[in-house]
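So the sequence lines, in the order shown, correspond to chains A, B, C and D.
Start counting at 1 in the first sequence, then tack on 58, and there's your number in the working numbering.
Start counting at 1 in the second sequence, then tack on 58, and there's your number in the working numbering.
Start counting at 1 in the third sequence, then tack on 738, and there's your number in the working numbering.
Start counting at 1 in the fourth sequence, then tack on 738, and there's your number in the working numbering.
Glycine included, each C-beta is placed from N, C-alpha and C at the ideal position.
Only a predicted model underlies this, so the values are computations on that prediction, with no experimental measurement involved.
Notes follow once the structure below has been shown.
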Amino acid sequence: MTPTAATARKPATMAQALTRALRDALAEDPTVHVMGEDVGTLGGVFRVTDGLTAEFGEDRCTDTPLAEAGILGTAVGMAMYGLRPVVEMQFDAFAYPAFEQLVSHVAKMRNRTRGALPMPLTIRIPYGGGIGGVEHHSDASEAYYLATPGLQVVTPATVEDAYGLLRAAIASDDPVVFLEPKRLYWSKADWSPEAPGEVPPLGRAAVRRRGADATLITYGPSLPVCLEAAEAARAEGWDLEVVDLRSLMPFDDETVCASVRCTGRAVVVHESSGFGGPGGEIAARITERCFHHLEAPVLRVAGFDIPYPPPMLERHHLPGVDRILDTVARLQWESDWTEGRGV
Amino acid sequence: MTPTAATARKPATMAQALTRALRDALAEDPTVHVMGEDVGTLGGVFRVTDGLTAEFGEDRCTDTPLAEAGILGTAVGMAMYGLRPVVEMQFDAFAYPAFEQLVSHVAKMRNRTRGALPMPLTIRIPYGGGIGGVEHHSDASEAYYLATPGLQVVTPATVEDAYGLLRAAIASDDPVVFLEPKRLYWSKADWSPEAPGEVPPLGRAAVRRRGADATLITYGPSLPVCLEAAEAARAEGWDLEVVDLRSLMPFDDETVCASVRCTGRAVVVHESSGFGGPGGEIAARITERCFHHLEAPVLRVAGFDIPYPPPMLERHHLPGVDRILDTVARLQWESDWTEGRGV
Amino acid sequence: MTVLEQPGSSRRKGELPGPPPAWHPRVAPAPLLPDAEPHRVLGTDAARQLDAALLKRLYVQLVRGRRYNTQATALTRQGRLAVYPSSTGQEACQVAAALALQERDWLFPSYRDTLAAVARGLDPVEALTLLRGDWHTGYDPRACRIAPLCTPLATQLPHAVGLAHAARLKGDDVVALALVGDGGTSEGDFHEALNFAAVWQAPVVFLVQNNGFAISVPLAKQTAAPSLAHKAVGYGMPGRLVDGNDAPAVHGVLTEAVRRAREGGGPTLVEAITYRVEAHTNADDATRYRTADEVETWQAHDPIALMERELTARGLLTDDFAAETRDGAEEMAADLRERMHQDPPLDPDDLFTHVYAERTSQLRQQSDQLRAELAAAAATDEPAQEARP
Amino acid sequence: MTVLEQPGSSRRKGELPGPPPAWHPRVAPAPLLPDAEPHRVLGTDAARQLDAALLKRLYVQLVRGRRYNTQATALTRQGRLAVYPSSTGQEACQVAAALALQERDWLFPSYRDTLAAVARGLDPVEALTLLRGDWHTGYDPRACRIAPLCTPLATQLPHAVGLAHAARLKGDDVVALALVGDGGTSEGDFHEALNFAAVWQAPVVFLVQNNGFAISVPLAKQTAAPSLAHKAVGYGMPGRLVDGNDAPAVHGVLTEAVRRAREGGGPTLVEAITYRVEAHTNADDATRYRTADEVETWQAHDPIALMERELTARGLLTDDFAAETRDGAEEMAADLRERMHQDPPLDPDDLFTHVYAERTSQLRQQSDQLRAELAAAAATDEPAQEARP
Ligand SMILES: Cc1ncc(C[n+]2csc(CCOP(=O)(O)OP(=O)(O)O)c2C)c(N)n1
Ligand SMILES: Cc1ncc(C[n+]2csc(CCOP(=O)(O)OP(=O)(O)O)c2C)c(N)n1
Ligand SMILES: [Mg+2]
Ligand SMILES: [Mg+2]
């Protein structure tokens, strides 16, 4: 399609693209219902649901009582009756009260009923740090969802993907934990709601930058950091490939392994704590599949194994360009590399 | 100590050793309090708290109302006042309602208060499958706890460890998620409560069997299966080492890496689903530390990436001897091994 | 109670800018506030107000229900059920819940409520798949409008609210009736569900079967409230207290609550006082926490005996009807016994079929792996791969 | 309300084996059942019953409290606080909560209740560490008996119950007072905490500051109950409703509840009706969900103005006292402003210090890594490692 006046791409934020995705989903499918704390009159604390109640009414975009288990639990019941609820959890850590409903019902209902009761729910969770949020407002909680079979876990890193992946999540007949990198809400790109781009299938990673020497594997809030690191690396003579997973479950082994088999070296980058975090899974499955292509072990750059720190210290915790490059430097580039840095 | 009549080791079950550990802790430390659903009059659904209320009174071993968040939340308050609560969650999946209290308070309180409010809590959770339990009664939920900095995660696999590790957990000034492999409750060993063995420090793995060819790394309910597999492997000419982690956090990198550096091959075995499960973390950290000692990638034998299946099908889900040996066989024993089994 | 001051005694009366505005609901107020006295104990005269046909239907279901309970318990001893939480003694609640609903309504049972599902017409074998260790839900919930038996306590209550709300949004006059135990009322999900129901005025009825125990924990350790029906007050919905062994009374209260819900009157909380005559499940030992005396006292208040007295008083319990009822129950039990003695067909590959709408590549690999293992085991004529606990 | 049948009208009277036994508490019954009429709106005459010294103390704290609120809000504009949830308009609740407690008692504040902590004597700078973006709790909770400011709503309520219960087990006559908002009452943790408190008869007082909103959500979308105090009924504890802008009234109700708790009378639920005059936090835009009119109406019912009228009526508001109070408040504000403009000392290595009592080997490695990074950055004279969002 050639851009016309109507489809011309103007700078749009990720938050705007998300709003548009919700709006279009509500307009196209009468079974879609948005619900959560402050999503109505206020338009959500991040304004992602702005204007939806005005356009579609309180029954389609509903301010609920303040109780996350109740929100998700009633959404389960609505899905049982054939609706397609899109639930907003106000912040990452405030999704925890709904954990039982998520793990014991949302993730298991289809399986429990041998397909009779699918759960076409989307659970939107603003996640991650870097916005100076006080405790409970910056958790990168994806590890919990990854360890829960039955859930899909999706996270956009670009404005275009924010629209496309959210549309795909809402259209999916299976539950999606849709993790919105909150510090990218205000990130901008040229994008037009009139030509929003294709709705990508869930479960496909994207190579965001081609490179020959090593692969950075990342997602969500860490993508811009990795791209910046790759740019900086060029100055030091490294040519880095950057893979944006987009969907953590289903996991795109194919794209990831194809990249690592070419480069022979990989670093996984994410904000959430390293121990027990997604990086372990990713590194392990790459190693299982590409062992003889690896010149060095798959390394990880992750948040430390600590509770999310206060804003004044968070910059030390979050993966940054320098830490990524330091790690790339440890990928055994010299041929006479020997082990033994200890445990 | 030479065994006398009093200390002679007689067959005891893991459940009995756990009961004894609780009893001794209650007797020695007046700040220890046991609480949970049915832990009093009934002695718990697995009878692990049997006799404690009779001996120590309702205030020390308390039947609570039926509300897991309330149980853990009140225990947090009790710990704030200097008590040392030992909470029982009746089954793995019934700990989920307490998830928010666990993640947002139990794990973070010490850090939040810069050491002023430690959380010397022990949270006992019977976990795992293999007992023919209907859904919600067989979850291997350790991945959730591992991904939560601030928690210690401990699981015994032997009768002696059941006593020792539970004593160590209760004595710890930090919270311990104490996972009791429920299908080993009735496993027996010669053990005497009068000479219960040393209380081991938390965070130390144990080599349960020496072997030269490959290391099986496991914990809790899968230890007996791994030992049986190692026995069976001998018939096929393999000499397998078996490491029992005992504590998943803190993680004993030293013992694990020492073993893998000797054998050059490793398989991680656990019941919980593979994707996002503990095996990924373990395999990744071994690879990071022992890359050039590895003859083959670290492989995993884990539960499938599915909700825990119904009893009639669970035997297909749980790691068994054959599946472990099949995996050992895939550790690239032939020198002409080539990759390419595809993604 | 110490009242520091009586309302209206302020000398500032008139100076205040009217009642605090935030106190006034900012949207249309909920149409229902609890009655000044929010609960009533319903007596046992309801039977005389019911028509004979309904009374007889209740009786037939009670007798079948008791037989179903004893048969299911027997099946646990024969190794044909993994576990059975009996509702013996609670049949009046189970049956009345089933019969108070129209076909288009939904029932939300807990793990103890297979009988309610069966009394609604569900095939007992399908009701028991979960408890026999086969797939969790042996029926299509949408086809029979019975939600899956719910094990995590009280978590099904918000589902009932959401479903009832969704139905109303769609314009369907469907009511949801959700069952929960006395113990389950302590869970946060109970609270959140009732609150959502009241705020949304959802057409849902909550039936608490207060059988006195949550496994071993007696009611007095569960709550300090004067009754569980009193909890309705805190949500702004009506609360009803009823003799849970009196089937016509339970039926009457539920029918009224269902009618009210259907007419847009919003949710009701009903507490039915009953007793769990058997142990918690066949795996439980109830002698550890209660006396035989207590059980006997309750057996003297047996729902079937109560009903028979009532039917006799009304001249409805003819020998023929009694025999016919008994025979019908025996037939059901024989059929159940026989069919439960057949092993259900099992396909291990089903493990991977319904995790998602489509298998992920990971699940396809795992399914291939299992298939290969089973084939290898079959080829070597050995038993299939097994966990060896 | 449709009552199908009145209690006692059963013709079976006498035939029943007494009231169902499980219905009788199996342990000693809770000493307190809710009053027949469980709530009272307390008027605003409480002031005249308080002694002059206490009245003046309340006033001094109200004025300081308001000044603290405006100063903290100003600090957000100066970038010295990351965020501030103001309690302007709610000072009567905050101050009365602090003053109703003895030194040995514990306060459990929510994230909005820094003022209550300050009114209890906590250094404002220490109260504000969380909100300035420094360590979460800037004080030793055991030393000042103030639990950490709690952000996840209602999760602090079970802590208060547990602590109060533990104190009673130890034989200490300590009372816990926990604060929660109207929105927080919808959470499951609220329900579970109140239930545990009532069953255990724990010495705890729950104060709901009903300020009409949970961020943008008005009370009418939060509950259909006639009042939040009515929720007490469902737990078997007394509920009290009080004008939350009337400091003497709130103080009176809380003091009575604390006394009752201390004497073994168990928990009380108090609802104080007040209003959040400012937006939810400085980051919020309240014009999106409420009118200026509404705010003005409430400003006419301002807690400080109410108090001044009362003091004037009793001849206590002398010019000297007024000036002294104002000056004290200004001094506090100046000191706060000055000290908040100094950057707190920060040691990145503290990230690893209190995760556990002792650092794990993993944390030692990570700490070494960070130290090395910082040293390298310092050596190259570049800014330290930073996330580049
Ligand atoms: C969330 C949760 N916690 C614990 C359990 C374990 N459990 C199963 S039944 C039961 C007692 C239930 O008591 P009640 O609600 O009174 O129902 P009843 O068994 O009397 O029918 C318990 C604690 C559970 N199923 N779910
Ligand atoms: C469990 C949880 N969910 C959501 C939030 C986000 N949040 C912070 S304050 C707030 C509104 C609280 O309203 P209320 O309880 O009435 O207290 P108020 O702000 O009026 O003092 C919300 C939804 C939270 N802090 N915790
Ligand atoms: Mg019960
Ligand atoms: Mg409020």
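Can you tell me where the alpha helix (DSSP H) holding residue i begins and where it ends?
| i | result |
| --- | --- |
| Cys315/B | Asp311 to Thr321 |
| Lys166/A | Looking at the DSSP string, Lys166/A is not in any alpha helix (DSSP H), and its letter there is neither H nor E. |
| Arg1075/C | Asp1057 to Met1078 |
| Leu130/B | Glu126 to Met138 |
| Arg870/C | Thr867 to Arg870 |
| Arg1052/D | Note, Arg1052/D: premise wrong, no alpha helix (DSSP H); not H, not E. |
| Asp271/A | Note, Asp271/A: premise wrong, no alpha helix (DSSP H); not H, not E. |
Indicate the three-state DSSP secondary structure (helix, strand or coil) for residue i in the structure shown.
| i | result |
| --- | --- |
| Gly378/B | coil |
| Met93/A | strand |
| Leu907/C | helix |
| Met147/A | coil |
| Pro239/A | strand |
| Met307/A | strand |
| Ile1042/D | helix |
| Arg358/A | strand |
| Arg778/C | Any reading at Arg778/C needs caution, since the residue's pLDDT is 41, under 50, leaving its predicted position unreliable; the model's value is listed next. DSSP places Arg778/C in coil when its eight states are reduced to three. |
| Gln390/A | coil |
| Gly278/B | helix |
| Leu800/D | helix |
| Ile340/B | helix |
Is it the case that the CB of residue i approaches a heavy atom of ligand 6 more closely than 7 Å?
| i | result |
| --- | --- |
| Gly190/A | As far as ligands go, the structure on display features ligand 1, ligand 2, ligand 3 and ligand 4 and does not contain ligand 6. |
Since residue i contacts residue j with CB under 8 Å, what's their CB separation in whole angstroms?
| i | j | result |
| --- | --- | --- |
| Leu281/B | Glu299/B | That pair is no contact at about 13 Å. |
| Val918/C | Phe928/C | 7 Å |
| Thr1012/C | Cys831/C | 6 Å |
Report the option in the options whose CA atom is closest to the CA atom of residue i.
| i | options | result |
| --- | --- | --- |
| Ala836/C | Ala1067/C, Leu992/C and Thr1035/C | Leu992/C |
| Met167/B | Gly871/D, Arg805/D and Thr893/D | Thr893/D |
| Leu1007/C | Thr1035/C, Thr1025/C and Gly974/C | Gly974/C |
| Arg118/A | Val134/A, Ala387/A and Leu141/A | Leu141/A |
| Ala354/B | Pro368/B, Arg105/B and Trp391/B | Trp391/B |
| Thr213/A | His195/A, Met370/A, Thr122/A and Leu76/A | Leu76/A |
| Arg1014/C | His903/C, Leu1055/C, Arg978/C and Gln947/C | Gln947/C |
| Leu945/C | Pro976/C, Asn1020/C, Glu1068/C and Leu1084/C | Pro976/C |
| Pro123/A | Ala999/D, Ser954/D and Val1033/D | Ser954/D |
| Glu294/A | Pro336/A, Asp384/A, Arg225/A and Glu372/A | Asp384/A |
| Ala264/B | Cys315/B, Glu256/B, Asp302/B and Ile189/B | Asp302/B |
First and last residue of the beta strand (DSSP E) that includes residue i?
| i | result |
| --- | --- |
| Lys246/A | Lys246 to Trp249 |
| Asp302/A | Leu298 to Asp302 |
| Tyr154/A | Premise fails: Tyr154/A is in no beta strand (DSSP E) and is neither H nor E. |
| Gln210/B | Gln210 to Val212 |
| His328/A | Ala324 to Ser331 |
| Ala916/D | Ala914 to Gly919 |
- Near ligand 3, which residues have their beta-carbon less than 6 Å from any of its heavy atoms, given in chain order? Counting only residues whose CB is nearer than 6 Å to a non-hydrogen atom of ligand 3, the list in chain order is Gly919/C, Asp920/C, Gly921/C, Asn949/C, Phe951/C and Ala952/C.
- Taking only beta carbons into account, state which residues of the stretch 158-191 of chain B come closer than 8 Å to chain F, listed in chain order. Chain labels in this structure do not include chain F; the protein chains are A, B, C and D.
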